[in-house]
Amino acid sequence: MAFPQRKNIKEEKRQQLVIVGSKNPVKISCTDVGFHHAFDSAFLVEGLNVSSEVEDQPIGDEETYLGAFNRSKNAKMVFPEADFWVGIEGGVDEKDGEMFAFAWVVIQNRNGKIGKAKTSTFFLPSVISDLIKGGMELGAADDQVFNRENSKQGNGAVGILTNGAVNRKEYYSQAVILALIPFLNENIYI
Numbered sequence: 001m002a003f004p005q006r007k008n009i010k011e012e013k014r015q016q017l018v019i020v021g022s023k024n025p026v027k028i029s030c031t032d033v034g035f036h037h038a039f040d041s042a043f044l045v046e047g048l049n050v051s052s053e054v055e056d057q058p059i060g061d062e063e064t065y066l067g068a069f070n071r072s073k074n075a076k077m078v079f080p081e082a083d084f085w086v087g088i089e090g091g092v093d094e095k096d097g098e099m100f101a102f103a104w105v106v107i108q109n110r111n112g113k114i115g116k117a118k119t120s121t122f123f124l125p126s127v128i129s130d131l132i133k134g135g136m137e138l139g140a141a142d143d144q145v146f147n148r149e150n151s152k153q154g155n156g157a158v159g160i161l162t163n164g165a166v167n168r169k170e171y172y173s174q175a176v177i178l179a180l181i182p183f184l185n186e187n188i189y190i
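Residue numbering for the sequence shown follows the UniProt record's numbering, beginning at 1 and increasing consecutively.
Structure (structure tokens):
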């Protein structure tokens, strides 16, 4: 995957602190990758368990976005000393009777600027979507169908269904970088 050229976010020498509103290792790692590819700056990325204030399995674009926003907002409330707060929330929706998966990324900085982006989408097989419609989370449905354990903290549905051709960290990292666009272009994103 090609990444954009790095840009200095500030001429500061201190390491900037990024708090991810989750302890999920994939979400922390993809945020670390995204920030370091986008900026030529020092970052420390840490995860924090905070509530998304939405259902465990968000359904629809609005609920999934709200979950990501709430994670960044709640991370900021719990740890206001940071420089950036990141919320990542995976969700599902339906189109023409088929279910697809995606995630939203919301990033806030200490100046009140907000960046947001959505991953690409991919459609789920009915054996998984039927389990989700029955009340199961996507990760639990993946574990059941593919005989795995805790896949949502690993390669997730996108990695399993693409046989590893797209891994979840890269999938989310791209959306993290896209959500950083307003911070990369502060002069035109006011």
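Each residue gets a CB set at the ideal place from its N, CA and C atoms; glycine is no exception.
The C-beta distance from residue 172 to residue 119 rounds to 7 Å, short enough to meet the 8 Å contact threshold. In terms of Cα proximity to residue 64, the closest of 163, 142, 103 is 103. Shortest Cα-Cα distance from residue 95 to any of 186, 77, 121 involves 121.
Residue pairing for residue 19: DSSP places it in a beta bridge opposite 46, 85.
Counting every other CB atom within 10 Å of its CB across the protein chains shown gives residue 169 a total of 16 or more, marking it as buried.
Taking residue 34 as reference, the option from 182, 178, 135, 186 with the minimal CA-CA separation is 178.
Judged by pairs of C-beta atoms under 8 Å, the segment 61-78 touches the segment 103-113, as three or more such pairs exist. In the DSSP assignment, the residues bridged to residue 95 are 98.
Beta bridge pairing from DSSP links residue 114 with 108.
Boundaries of the alpha helix (DSSP H) harbouring residue 183: 181-184, taken from the DSSP string. Between the alpha carbons of residue 150 and residue 184 lies a gap of roughly 35 Å. Between residue 153 and residue 139, the C-beta spacing is below 9 Å. Scanning its chain for C-beta atoms nearer than 6 Å, with the 5 sequence neighbours on each side dropped, one finds around residue 141 the residues 128, 131, 132, in chain order. Straight-line spacing of the CA atoms in residue 143 and residue 155 works out to 11 Å. Cβ-Cβ separation between residue 89 and residue 52: approximately 6 Å, consistent with a contact (criterion under 8 Å).
Within the same chain, 91, 92, 93 come within 7 Å of residue 59 by CB-CB distance, once the 5 residues on both sides are set aside. Excluding residues up to 5 positions away in sequence, nothing lies with its Cβ nearer than 6 Å to the Cβ of residue 161 in the same chain. Contact between residue 19 and residue 79 holds: CB atoms are separated by about 5 Å, below the 8 Å threshold.
For residue 28, the enclosing alpha helix (DSSP H) starts and ends at 25-38.
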